[in-house]
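Keeping their order, the protein sequence lines are chains A and B.
Here the first sequence is numbered in my numbering, starting from 1 and rising by one per residue.
Here the second sequence is numbered in my numbering, starting from 1 and rising by one per residue.
The structure under discussion appears below in the form of structure tokens.
Protein chains: 2
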Amino acid sequence: MAPKYVYINDTFVAADQASLLITDLAIQRGYGIFDFFKTIGGKPIFLQDHIERFYNSARKMHMEIPYTHEELKAILAQLMEKNDLPDSGIRLTLCGGYSPDGFTMPAKQNLIITQLPFKMDLSLNTKGIKIVTRNYQRQLSGMKTIDYSMAIWLQPFIKENNADDVLYHDNGQVKEVPRANFFMVSQANEIITAKTNILPGVIRKNLLALKNHDFNIIERDFSLEELYHANEAFITSTTKHIMPVVQIDGKAVGDGKAGKISAALLDLLVQKVREHQA
Amino acid sequence: MAPKYVYINDTFVAADQASLLITDLAIQRGYGIFDFFKTIGGKPIFLQDHIERFYNSARKMHMEIPYTHEELKAILAQLMEKNDLPDSGIRLTLCGGYSPDGFTMPAKQNLIITQLPFKMDLSLNTKGIKIVTRNYQRQLSGMKTIDYSMAIWLQPFIKENNADDVLYHDNGQVKEVPRANFFMVSQANEIITAKTNILPGVIRKNLLALKNHDFNIIERDFSLEELYHANEAFITSTTKHIMPVVQIDGKAVGDGKAGKISAALLDLLVQKVREHQA
Chain A
1 MAPKYVYIND
11 TFVAADQASL
21 LITDLAIQRG
31 YGIFDFFKTI
41 GGKPIFLQDH
51 IERFYNSARK
61 MHMEIPYTHE
71 ELKAILAQLM
81 EKNDLPDSGI
91 RLTLCGGYSP
101 DGFTMPAKQN
111 LIITQLPFKM
121 DLSLNTKGIK
131 IVTRNYQRQL
141 SGMKTIDYSM
151 AIWLQPFIKE
161 NNADDVLYHD
171 NGQVKEVPRA
181 NFFMVSQANE
191 IITAKTNILP
201 GVIRKNLLAL
211 KNHDFNIIER
221 DFSLEELYHA
231 NEAFITSTTK
241 HIMPVVQIDG
251 KAVGDGKAGK
261 ISAALLDLLV
271 QKVREHQA
Chain B
1 MAPKYVYIND
11 TFVAADQASL
21 LITDLAIQRG
31 YGIFDFFKTI
41 GGKPIFLQDH
51 IERFYNSARK
61 MHMEIPYTHE
71 ELKAILAQLM
81 EKNDLPDSGI
91 RLTLCGGYSP
101 DGFTMPAKQN
111 LIITQLPFKM
121 DLSLNTKGIK
131 IVTRNYQRQL
141 SGMKTIDYSM
151 AIWLQPFIKE
161 NNADDVLYHD
171 NGQVKEVPRA
181 NFFMVSQANE
191 IITAKTNILP
201 GVIRKNLLAL
211 KNHDFNIIER
221 DFSLEELYHA
231 NEAFITSTTK
241 HIMPVVQIDG
251 KAVGDGKAGK
261 ISAALLDLLV
271 QKVREHQA
């Protein structure tokens with residue numbers, strides 16, 4: 001089940017040989033963007049949202065993707081055909097490019113497309129996860145950059161705190177998890193997600209856009225203090241859909257079990273993904 | 001005058017072929033550290049300071065350099081002999097390593113050592129540079145990480161402001177330039193450099209440690225407001241030694257010319273480098 005090919009710039013190369021010269025600005029200066037979507041049964045999920053975000057991140061970071069949306073989709077289709085991995089995660093990465101002086105961004109960036117086996121497993125979503133909070137505001141937060149320095153640096157901190165992940169807050173204002181957006185369900189059953197200085201997640205977007213339901217889903221900033229009194233909390237991401245958060249900073253959220261509203265929203269989302277696949 | 005070799009992990013490879021697999025955490029997550037020193041006439045300048053900082057950055061970032069100081073120095077000596085570039089810049093880079101899942105840090109990091117021709121040219125230091133300020137606090141600021149996302153992203157901003165570089169301040173508290181430390185000379189002729197949340201620069205360190213002079217050099221945080229009334233200002237870095245700043249946010253510093261104290265300190269530093277070489 002290993003992927004056979006990776007796409008780099010204009011070429012398909014053997015996956016285990018795919019490399020970049022060390023003059024690339026990702027290696028020299030941590031400069032790059034990416035996007036990541038899953039395929040289920042050979043069908044990319046929310047592809048248009050991911051493509052649009054990828055081009056948007058590139059433009060805002062002064063980088064260029066040398067293809068139209070349609071050309072890129074054709075390359076993705078070729079890659080999927082060559083690798084034959086119906087259930088997978090596909091990552092589009094745009095690195096800064098080969099810089100002659102290791103600092104100046106060249107005209108041409110380096111595009112890498114990888115595909116790895118990935119199968120959604122929602123059985124874990126009934127158990128939920130524990131998180132620990134940390135004061136940190138991501139830089140360039142609206143773009144999906146490759147900068148996860150803090151997230152990786154905090155891995156020992158997460159373990160020491162017996163948590164599964166970390167929730168960033170900016171001086172008490174709740175923001176996001178390194179690889180996921182964050183939602184709380186208030187005591188009035190409002191479903192709230194931070195509005196400013198966060199990554200615009202694709203699952204978050206599709207959750208906010210859900211129709212035909214009686215939930216009250218709101219984008220607005222909220223505080224840790226408010227969160228500590230929440231009925232439920234959950235994170236949203238491409239690999240987890242909606243994952244309940246059952247403990248924050250060692251304290252149970254609500255009754256300490258995966259919440260009913262989180263479960264109902266997950267059902268709605270799974271339904272939307274199915275319609276998207278059809 | 002092109003360098004012939006790059007050292008990667010245990011091997012010298014042809015400089016133009018040096019590459020990393022795309023699974024390295026620098027490419028995937030912008031995770032890595034580096035250090036950079038110059039050689040003059042074949043002699044590394046302030047090598048011990050750079051080596052110590054490199055190991056310190058690695059340790060604080062939970063990474064491992066698989067050599068003792070002495071082993072690393074022996075590799076550096078071999079590289080210098082092979083490349084035969086007496087006046088050069090040598091960069092030690094430690095990338096996160098090949099991660100199986102693109103997020104978890106593996107036990108083994110990737111070490112890269114490059115050497116490029118570089119010759120100090122202090123003639124530009126009599127002219128000075130213009131800077132524009134920007135509210136930004138570097139993350140993980142005490143370690144020399146490869147994260148220069150903001151610095152590269154701000155290049156168009158620097159140009160639009162007719163400046164040569166950007167000075168970061170944290171809500172009005174002056175910090176540093178992306179690749180240099182920053183000093184101001186107050187109206188009382190105190191020479192002041194920020195104390196907290198900055199990169200511990202090697203030239204900065206050696207300037208603070210200068211002996212046998214009558215200057216009053218102080219480490220303490222100071223504000224933009226204080227800076228706007230400075231007599232002189234300058235930056236310090238391995239490639240520039242002491243470079244006067246003659247304009248900040250479009251306003252002249254002092255009389256708008258490279259300052260006398262900056263010039264005197266540069267003389268002292270050049271003297272110290274000469275002694276170091278001897």
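Built from N, CA and C at the ideal position, the CB exists for glycine as well.
Predicted model only: the values in this text are computed from it and were never measured.
- Under the rule that a run must span 3 or more residues, the beta strand (DSSP E) segments found entirely inside the region 147 to 215 of chain A read 165 to 170, 173 to 177, 180 to 185 and 190 to 193.
- Short of 7 Å from the beta carbon of B:I235, and not among the five residues preceding or following it, lie these beta carbons of its own chain, in chain order: V177, A180, N181, F182, M243 and V245.
- As DSSP reads the structure, B:L20 sits in a beta bridge with A:L20.
- A:T145 sits in a strand when the DSSP states are folded into three classes.
- Annotated three-state conformation of B:L140 is coil, per DSSP.
- Around the beta carbon of B:H50, 16 or more other beta carbons lie within 10 angstroms, which makes this residue buried.
- For A:F234, the enclosing beta strand (DSSP E) starts and ends at E232 to S237.
- Chain A places no beta carbon closer than 8 Å to that of B:I203, leaving this residue out of the contacts.
- Listed in chain order, the non-local C-beta contacts of B:T23 below 8 Å within the same chain comprise Y98, S99, P100 and G102, local neighbours out to five positions each way being set aside.
- With respect to chain A, the C-beta atom of B:M105 has a partner C-beta closer than 8 Å.
- Neighbours of B:A26 across chain A, judged by C-beta separation under 8 Å: A26, I27 and G30.
- Per DSSP, the beta bridge partners of A:S223 are A:Q173.
- Around A:Y168, no beta-carbon contact reaches into chain B at under 9 Å, the shortest distance being about 11 Å.
- Rounded to the nearest angstrom, the Cβ distance from A:D164 to A:I131 is 7 Å, consistent with a contact under 8 Å.
- What A:I152 touches in chain B, judged by beta-carbon distance under 8 Å, is L25, R29, Y31, G96, F103 and M105, going in chain order.
- The alpha helix (DSSP H) runs of length 4 or more contained entirely in the region 64 to 110 of chain A are, from start to end of the chain, 69 to 83.
- Per DSSP, A:V270 is one residue of the alpha helix (DSSP H) stretching across K260 to Q277.
- Exclusion of the five residues before and after A:T126 leaves A258 as the residues of its chain whose Cβ lies within less than 7 Å of its Cβ.
- The C-beta separation of B:L224 from B:H169 comes to about 5 Å, placing the pair in contact by the 8 Å criterion.
- For A:D49, the uninterrupted alpha helix (DSSP H) segment begins and ends at L47 to K60.
- The C-alpha of B:G41 lies about 44 Å from the C-alpha of A:M143.
- Rounded to the nearest whole angstrom, the CA to CA distance from B:L266 to B:H241 is 7 Å.
- Less than 8 Å separates the beta-carbon of B:L76 from that of B:I90.
- When CB distances to chain B are screened at a threshold of 7 Å, the residues of the region 38 to 67 of chain A falling below it are M61 and H62, in chain order.
- For A:T114, the closest of A:S237, A:Q277, A:N9 and A:L227 by C-alpha to C-alpha distance is A:N9.
- Residues of chain B whose Cβ lies closer than 9 Å to the Cβ of A:A18 are, in chain order, L21, I22 and T23.
- Rounded to the nearest angstrom, the Cβ distance from A:G32 to A:L94 is 6 Å, consistent with a contact under 8 Å.
- For A:A14, the enclosing beta strand (DSSP E) begins and ends at T11 to A14.
- Rounded to whole angstroms, the gap between the alpha carbons of B:F215 and B:L124 is 24 Å.
- Per DSSP, the continuous alpha helix (DSSP H) segment holding B:L25 begins and ends at L25 to R29.
- In summary, A:L122 is exposed, with fewer than 16 beta-carbon neighbours lying within 10 Å of its beta-carbon over all protein chains present.
- Ranked by Cα distance from B:D147, the options B:F12, B:L25 and B:K73 are led by B:L25.
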